[in-house]
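Working notes, structure below.
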């Protein structure tokens, strides 16, 4: 499996050019949205497709 499906806080930090603390805050917020929709989430990681959908309207 070579295709990246999950982003770490470091990835989010680089993509958005924010601090590590802000990256974790964003991940927590997006994971809370996913959890509300009934998805399982991994602490400190966010699904790449969902991240792109929420930030760039892709989807």
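Numbering (this note's numbering), first residue to last: -15 to 43. Note that beta-carbon positions come from the ideal geometry of N, C-alpha and C, so glycine has one too.
Three-state secondary structure assigned by DSSP to residue i
i          : result
residue 26 : coil
residue -8 : strand
residue -3 : helix
Beta-carbon gap between residue i and residue j smaller than 8 Å
i          : j          : result
residue 25 : residue 10 : no
residue 14 : residue 38 : yes
Residue span of the alpha helix (DSSP H) that contains residue i, given as start and end
i          : result
residue 6  : 4 to 20
residue 32 : 32 to 40
Whole-number beta carbon distance between residue j and residue i, since they are thought to touch under 8 Å
i          : j           : result
residue 8  : residue 28  : 7 Å
residue 32 : residue -10 : 6 Å
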